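Inspection log for the structure reproduced underneath, given as structure tokens.
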Amino acid sequence: MNTSEFPAVLGETENQPSNTVECVNNKRIQEEAFIHFTQDGSNASALDFMPVSHPLMITQPVETSDYYLAQLVAKDLNSRSRQIGFMNQVLEDQRSRLEQFSKENASIRAQLHQVLDEQTRLREENSRLQFMKVQLVQDTLTRDRVVAETTRRVQDLENERENLAKERIRLEERVRLLKEQCLEAKIALEERTTESIALNFEVRALNDNAKMINETRESIGKELENLGRAFKAIKDEQFVESRALIKENNELKAIRKTEKEAFKKQERDIINCVVEMEAAREQSRALSVQFEASVAEREAIREEKERLESMLKQCQDKNAEMESMLRGSNERYRKANEDVDNIRSSLQEKEKTISTLSKEKDVQTTELLALRANSEVMMNEIQRNIKNQEDARRAREMEELKEVEGFSTVRYRQIYSHKILANTAD
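Going letter by letter, the sequence shown gives residues 226 to 651 in the working numbering.
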């Protein structure tokens with residue numbers, strides 16, 4: 226035991242008598258007192274070691290008071306050592322508990338890191354699934370857009386097909402009307418041909434009549450010439466018979482006048498026939514022009530018919546092509562619908578997987594929050610226990626310090642009073 230903890234006592238005993246200094250500085254007595262109090266282990270106060278007849282150690286010798294002081298110091302040191310051992314044991318228990326709490330906290334932190342890693346992985350998986358979902362939604366929108374475009378094109382093709390069907394019906398109706406017009410024109414042309422043939426026959430008859438009239442006129446001229454010659458001969462031969470000849474001449478004049486009138490009438494008839502013939506020729510020319518116009522119209526009708534037949538053939542080819550395109554678009558539309566159905570089924574499966582993963586994530590998040598709450602509660606409890614232990618330790622140290630200070634002050638006063646009395650007695 227180190228006696229340097231009491232420098233005031235040792236310092237004051239240097240000027241005392243030799244027996245007092247030896248008693249105070251006797252190491253053997255101090256060790257025996259320490260061993261005595263260590264084996265005793267009692268919690269007696271300092272006054273319990275004093276005699277009954279000496280309440281304040283005033284009448285006792287210096288050796289006895291120093292011995293009791295050493296015993297008191299040894300007992301105080303023993304009590305402090307036991308308190309220190311108890312505090313060491315408590316601190317060791319707290320340290321073991323703190324180590325256990327540290328291990329548990331480390332395991333909880335490891336579990337927390339695992340849960341955080343799992344949460345990070347689930348977050349990445351969720352983000353990846355969200356990205357896949359966005360891609361699937363974009364693919365679905367693209368497919369829907371393609372399907373809508375295909376549907377629109379199919380609808381346009383259907384509308385075009387209906388328009389072509391209407392156009393085909395209109396063209397068929399126009400072809401039918403043109404055929405009827407061609408038939409009517411053909412009938413009219415046949416009628417006009419028949420009329421032109423009849424007119425040709427009439428023209429031929431008129432030509433024959435004109436020829437006959439010309440022949441008659443020529444024969445009449447010849448007869449007139451013959452008559453003139455005969456009249457001249459008769460005039461020459463029968464000049465004498467002038468009166469008879471005049472009479473005959475008058476008769477001949479009357480006959481000639483009649484013949485002239487008949488000739489004029491025939492001439493007028495011939496002129497009328499010629500006019501009618503010219504009119505017939507004009508009518509024939511008009512009929513020829515009309516016939517040529519009808520032929521040209523018939524040719525135009527034939528060309529229009531050929532053009533309409535080619536258009537009808539093109540319409541039929543286009544209709545067949547549109548039907549093949551429609552069949553192809555229907556097949557593509559069916560395949561697109563199948564692809565959309567497959568994508569929707571896979572999307573539903575992935576949404577189910579995402580919902581399952583979300584539920585698992587929620588469960589793990591709940592467990593993680595529970596573990597975090599438990600770890601926070603345990604950490605708060607550990608910190609509260611450490612703080613309470615630290616506060617209790619500080620309070621005990623303060624109380625011990627106060628007790629030691631109070632005890633030191635009382636003992637210092639007692640020792641000092643003993644020394645004064647001892648000096649006075651000497």
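Every residue gets a Cβ at the ideal spot worked out from N, C-alpha and C, and that includes glycine. On a predicted model such as this, the values are computed, not experimentally measured, just so you know.
Around the C-beta of residue 422, fewer than 16 other C-beta atoms lie within 10 Å, and the residue is accordingly described as exposed. The alpha-carbon of residue 339 is positioned some 59 Å away from that of residue 552. Annotated as proximal: residue 607 and residue 326, with beta-carbon spacing under 7 Å.
Annotated as proximal: residue 319 and residue 614, with beta-carbon spacing under 7 Å.
A residue is called buried once 16 or more other Cβ atoms fall within 10 Å of its Cβ, and residue 296 is buried on that count. Distance between residue 328 and residue 620, taken at the CA atoms: about 29 Å. Relative to the Cα of residue 624, the nearest Cα in the group 401, 305, 584 and 299 belongs to 305.
Distance from the CA atom of residue 342 to the CA atom of residue 312, rounded to whole angstroms, is 42 Å. Within its own chain, the residues whose Cβ lies closer than 8 Å to the Cβ of residue 582, once the five positions on either side in sequence are excluded, are 347, 350, 351 and 354, listed in chain order. If you draw a straight line from the Cα of residue 618 to the Cα of residue 599, it is about 28 Å long.
CA-CA distance, residue 433 to residue 443, rounds to 15 Å. The beta carbon of residue 403 is closer than 7 Å to those of 526, 529 and 530 in its chain, skipping five residues each way along the sequence. Going by C-alpha positions, residue 566 is about 28 Å away from residue 384. Distance from the Cα of residue 546 is smallest, within the candidate group 386, 314, 334 and 594, for 386. The straight-line gap separating the alpha-carbon atoms of residue 301 and residue 322 is approximately 31 Å.
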